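In this note's numbering, the protein residues as written are 203 to 474.
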């Protein structure tokens, strides 16, 4: 899997100067940001199999700094907003789109310790990502445990999209695994844990002549190579968005593959 890497520029002013005459890899602000001495975020952009991939490497001394928000601060089926708008409203330094819980009527939903939905999806093989108060992440099957049991065990976030990409350090999808209604090569969003307090958020572009997109297996390979012991696939396609340091740094596609940010139900973010 061919990979090349480019770190984002250290500050916005130098980046804008570069963007005027160089490649798209230098257009966004980035580097290492520390809001205080308890967190560090470093964002880099790599090319994997003709696809631009944006990686946020996150260190938190307090796991509660990994936060979520829902559109308009309201839980509901048809309540949506852009990732960037939600990020700005919540003072986020870094944000990615979440699981778009509002696209479905079932699937566990917990945000910042509040259990919004405890209805399991039908059948087996419906995997959720659970984030616990101690900073650990775990991938569960909704048919094996109730949302109430997860809450009692200390869950603070539950995402219901999937599938799990890496479990116990091993790739958990096959080369032909795909999300329903999804293309084999697609924009993607994923989150993973290297260890409690050390997390990775990954977004890839896709559906354009400049960026082909990733299969789930390719995404899982990236998460494993980054050192994730657990990693999970969030909503992708036109939803895949990474916001960092005041702007969207990837190229979201929406509506006939136009470069345009889609409105979604929720985000995962780190505040300034």
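Where is the CB? At the ideal position from N, CA and C, for every residue including glycine. Keep in mind it's a predicted model, so treat the numbers as computed, not measured.
- When the five nearest sequence neighbours on each side are left out, the beta carbons in the same chain lying within less than 8 angstroms of the beta carbon of residue 267 are those of 240, 241, 472 and 473, in order along the chain.
- Rounded to the nearest whole angstrom, the CA to CA distance from residue 335 to residue 356 is 6 angstroms.
- Contact between the segment 423 to 439 and the segment 298 to 308 is present: 3 or more CB-CB pairs across the two stretches fall below 8 angstroms.
- Under the criterion of beta carbons closer than 8 angstroms, residue 467 and residue 304 qualify as touching, at roughly 4 angstroms.
- Put simply, of 259, 251 and 254 the residue whose alpha carbon is nearest the alpha carbon of residue 245 is 259.
- Using a 10 angstroms sphere on the CB of residue 278, the tally of other CB atoms stays under 16, which defines it as exposed.
- Residue pairing for residue 343: DSSP places it in a beta bridge opposite 329.
- Bridge pairing for residue 267: absent [DSSP].
- If you look at residue 308, you'll find it isn't in any alpha helix (DSSP H); DSSP assigns it neither H nor E.
- Inclusion of residue 379 and residue 331 in the CB contact set at 8 angstroms is not warranted, their separation being larger than that value.
- The Cβ-Cβ distance between residue 446 and residue 286 does not fall below 8 angstroms.
- Between residue 328 and residue 375, the alpha-carbon positions lie close to 13 angstroms from each other.
- The DSSP-derived three-state label of residue 362 is coil.
- Around the beta carbon of residue 411, fewer than 16 other beta carbons sit within 10 angstroms, so the residue counts as exposed.
- Pairing residue 448 with residue 427, the inter-Cα distance amounts to about 28 angstroms.
- Here the alpha carbons of residue 350 and residue 461 stand approximately 40 angstroms from one another.
- In the same chain as residue 322, and ignoring 5 residues on each side of it, the C-beta atoms closer than 6 angstroms to its own belong to 344, in chain order.
- Within the same chain, and ignoring the five residues on either side of residue 318 in sequence, the residues whose Cβ sits closer than 6 angstroms to its Cβ are 277 and 311.
- Under the DSSP assignment, residue 432 falls in the beta strand (DSSP E) whose first and last residues are 432 to 436.
- A buried status is given to residue 340, since no fewer than 16 other beta-carbon atoms sit within 10 Å of its beta-carbon.
- For residue 421, the enclosing alpha helix (DSSP H) stretches over residues 418 to 427.
- In this chain, residue 412 is not harboured by any beta strand (DSSP E), its DSSP state being neither H nor E.
- For residue 349, the uninterrupted alpha helix (DSSP H) run begins and ends at 349 to 354, by DSSP.
- Distance from the CA of residue 396 to the CA of residue 416, rounded to the nearest whole angstrom, comes to 21 angstroms.
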